[in-house]
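Chemist: First, the structure itself, so that you have it in front of you.
Chains as they are written, first to last, in this note's numbering: chain A, 1 to 245; chain B, 1001 to 1173.
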């Protein structure tokens, strides 16, 4: 029985089980027609391979398993950070709102003044929740000069700068502790007291990039020229916080 | 979510072994380096989020990547963008002359036009095989019977050759 063209291709590709491959080869040794079909398939594959090779993709932009893992971890839901006392205060304020409503309806009443003072006290103790707190992954697409600024030098941790073939700038932290805010061409990292390490992904086609820690510039890209402190090592821009003066 | 040291070690190994291959396959398929890189990365993010390795990580990654491609196409009108950037995105890295660079870019455009005439599954099968995926992996990625991959690839190769010759015939000289 003549093998199908699918089986002939599988033989060429080395995808047949040894027993099947042996049977097909035995047939080809005795069947000129099938041997001719196999040869035609080989020519077809070679021609197509040449065409498809023109789409040679090259290497991907620099990234690491650690970078990927950091992104995945950052997407995980955070545990509730609100302490129990917050909920007690929330219950209290509900009563106060009722009182405040009465106070508003009674201008000049001493209750009004007390209610407003209590509301102010509550707000002072309210935990500050920043936009994008503890999260990165914001799809910031800078249109001009990019500035990434870390508020403070940390006692430990690193900043790794990755130049990537992407339109997005991104900062990923290895653990909780920092907060992030984003403007049109800047990312600010509130890292006071934090101990995380960070991966800063920079679109490689951006011509003007500054990365700062406090008032110290630790990475600057101007066109194709890159200057970092410390200099790149083995193609990586890895900046330990400890190395920053 | 806490992951075991063993999983993290295995994940790093799979990333090192498969990231480049997956990116190259996606880049050939999509033609947009940025999108291919994003999808490749996102596929690995999802593998890590999974917390345990699938039976066939290589095929699993391709399946996820193809699903992400479909989503990307729907949301960003990928095909229009591909045609828009094709001219600049396909410039070769090293060329001996502007003429050879132009010729290379034109050839890539013709190859892409030929590929786009194929049904999506045939096109993906062709590109997966070109990147070296096994028949079994292709079958998993495309949700296709393993015994039918050989026939599918024969059909795809013949269709591509026919389409490529056709677009070449009509290409400006």
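Every residue gets a Cβ at the ideal spot worked out from N, C-alpha and C, and that includes glycine.
Closer than 6 Å by C-beta to residue 17 of chain A: which residues in its own chain qualify, once you throw out the five before and the five after it? Chain order, please.
Modeler: Excluding residues within five positions, none has a Cβ falling inside 6 Å.
Chemist: Could you tell me whether the Cβ atoms of residue 216 of chain A and residue 245 of chain A are closer together than 8 Å?
Modeler: Yes, the Cβ-Cβ distance between residue 216 of chain A and residue 245 of chain A is below 8 Å.
Chemist: Residue 228 of chain A lies in the beta strand (DSSP E); which residues open and close that run?
Modeler: Segment 225-228, the beta strand (DSSP E) holding residue 228 of chain A.
Chemist: Give me the Cα-Cα distance between residue 200 of chain A and residue 239 of chain A, rounded to the nearest whole angstrom.
Modeler: Near 11 Å, if we compare the C-alpha coordinates of residue 239 of chain A and residue 200 of chain A.
Chemist: Looking only at its chain, what residues have a beta carbon closer than 7 Å to the beta carbon of residue 1129 of chain B, apart from the 5 residues adjacent to it on each side?
Modeler: 1138, 1153.
Chemist: Out of A/11, A/15, A/43, A/44, which has the shortest C-alpha to C-alpha gap to residue 28 of chain A?
Modeler: Taking only the C-alpha atoms, the option nearest residue 28 of chain A is A/11.
Chemist: Hey, how far is the Cα of residue 135 of chain A from the Cα of residue 172 of chain A?
Modeler: Its pLDDT being 48, under 50, residue 135 of chain A is placed unreliably by the model, and the measurement read from it follows with that caveat. Cα to Cα, the separation comes out at about 8 Å.
Chemist: Are the CB atoms of residue 48 of chain A and residue 1157 of chain B within a distance shorter than 8 Å?
Modeler: Yes, the pair counts as a contact, with Cβ atoms nearer than the cut-off.
Chemist: How would you label residue 203 of chain A, buried or exposed, when you count the other beta carbons within 10 angstroms and need 16 or more for buried?
Modeler: When all chains shown are included, residue 203 of chain A counts as buried.
Chemist: Is residue 967 of chain B close to chain A, meaning its C-beta is less than 8 Å from at least one C-beta of that chain?
Modeler: This structure cannot speak to residue 967 of chain B, because chain B is shown only from 1001 to 1173.
Chemist: Secondary structure at residue 13 of chain A, three-state DSSP: helix, strand or coil?
Modeler: Residue state, collapsed to three classes: coil.
Chemist: How is residue 1122 of chain B classed by DSSP in three states: helix, strand or coil?
Modeler: If DSSP states are grouped into helix, strand and coil, residue 1122 of chain B belongs with the helices.
Chemist: Give the residues of chain E in contact with residue 1107 of chain B, contact being defined as C-beta atoms less than 7 Å apart.
Modeler: The structure shown contains no chain E; its protein chains are A and B.
Chemist: In this structure, does DSSP put residue 212 of chain A in helix, strand or coil?
Modeler: Reduced to three states, the DSSP call for residue 212 of chain A is strand.
Chemist: Counting only Cβ pairs nearer than 9 Å, list the residues of chain A close to residue 1037 of chain B.
Modeler: The answer, in chain order, is 60, 61, 63, 164, 165, 166.
Chemist: Using the C-alpha atoms, what's the distance from residue 214 of chain A back to residue 1066 of chain B?
Modeler: Their backbone Cα atoms lie some 43 Å apart in a straight line.
Chemist: Mind checking who residue 55 of chain A pairs with in its DSSP beta bridge?
Modeler: Bridge partners of residue 55 of chain A: none, in fact.
Chemist: Just the C-alpha distance for residue 1170 of chain B and residue 1160 of chain B, rounded to the nearest angstrom, thanks.
Modeler: Each residue's Cα considered, the two are about 15 Å apart.
Chemist: May I ask you to report which of helix, strand or coil DSSP gives residue 166 of chain A?
Modeler: DSSP places residue 166 of chain A in coil when its eight states are reduced to three.
Chemist: Tell me which residue opens and which closes the beta strand (DSSP E) that residue 1051 of chain B is part of.
Modeler: Element bounds for residue 1051 of chain B: n/a, residue is neither H nor E.
Chemist: Quick check on residue 172 of chain A: does DSSP put it in helix, strand or coil?
Modeler: Correct three-state label for residue 172 of chain A: strand.
Chemist: Can you find the residues in the same chain that come closer than 6 Å, C-beta to C-beta, to residue 232 of chain A, ignoring five residues on each side of it along the sequence?
Modeler: Within the same chain, residue 232 of chain A has no close Cβ partners at all.
Chemist: Go through its chain and collect everything with a Cβ distance to residue 1114 of chain B's Cβ below 7 Å, but skip five positions before and after it.
Modeler: Within the same chain, residue 1114 of chain B has close Cβ partners 1160, 1163, 1164, 1167.
Chemist: If the criterion is Cβ atoms closer than 8 Å, does the pair residue 181 of chain A and residue 197 of chain A meet it?
Modeler: Going by C-beta atoms, residue 181 of chain A is not nearer than 8 Å to residue 197 of chain A.
Chemist: Roughly how many angstroms lie between the CA atoms of residue 1023 of chain B and residue 54 of chain A, to the nearest whole one?
Modeler: Cα to Cα, the separation comes out at about 16 Å.
Chemist: From the DSSP output, in three-state form, read off residue 244 of chain A for me.
Modeler: Coil, per DSSP.
Chemist: For chain A, is any of its Cβ atoms less than 8 Å away from the one on residue 1144 of chain B?
Modeler: Answer no: the Cβ-Cβ gap between residue 1144 of chain B and chain A never drops below 8 Å.
Chemist: Residues of the stretch 1115-1134 of chain B with a CB closer than 8 Å to any CB of chain A: list them in chain order, please.
Modeler: Residues passing the 8 Å Cβ filter: 1126, 1127, 1129, 1130, 1134.
Chemist: With a threshold of 8 Å between beta carbons, is residue 1058 of chain B in contact with chain A?
Modeler: Answer no: the Cβ-Cβ gap between residue 1058 of chain B and chain A never drops below 8 Å.
Chemist: One question on the structure: do residue 1036 of chain B and residue 1047 of chain B come within less than 8 Å of each other, judged by their Cβ atoms?
Modeler: Contact: no.
Chemist: In the DSSP output, what is residue 188 of chain A paired with across the bridge?
Modeler: Paired residues: A/149, A/181.
Chemist: Determine the DSSP secondary structure at residue 1063 of chain B, reduced to helix, strand or coil.
Modeler: Of the three classes helix, strand and coil, the one that applies to residue 1063 of chain B here is helix, per DSSP.
Chemist: Considering residue 1144 of chain B, what are the terminal residues of the beta strand (DSSP E) in which it resides?
Modeler: No beta strand (DSSP E) holds residue 1144 of chain B; DSSP gives it neither H nor E.
Chemist: Please classify residue 1112 of chain B as buried or exposed, where buried requires at least 16 neighbouring CB atoms within 10 angstroms.
Modeler: Result: buried.
Chemist: Taking a contact to mean a Cβ-Cβ separation below 8 Å, would you say residue 1015 of chain B touches residue 65 of chain A in this structure?
Modeler: Going by C-beta atoms, residue 1015 of chain B is nearer than 8 Å to residue 65 of chain A.
Chemist: Take residue 1010 of chain B and list the residues in its own chain whose beta-carbon comes closer than 8 Å to its own, dropping the five residues that flank it on each side.
Modeler: Around residue 1010 of chain B: 1053.
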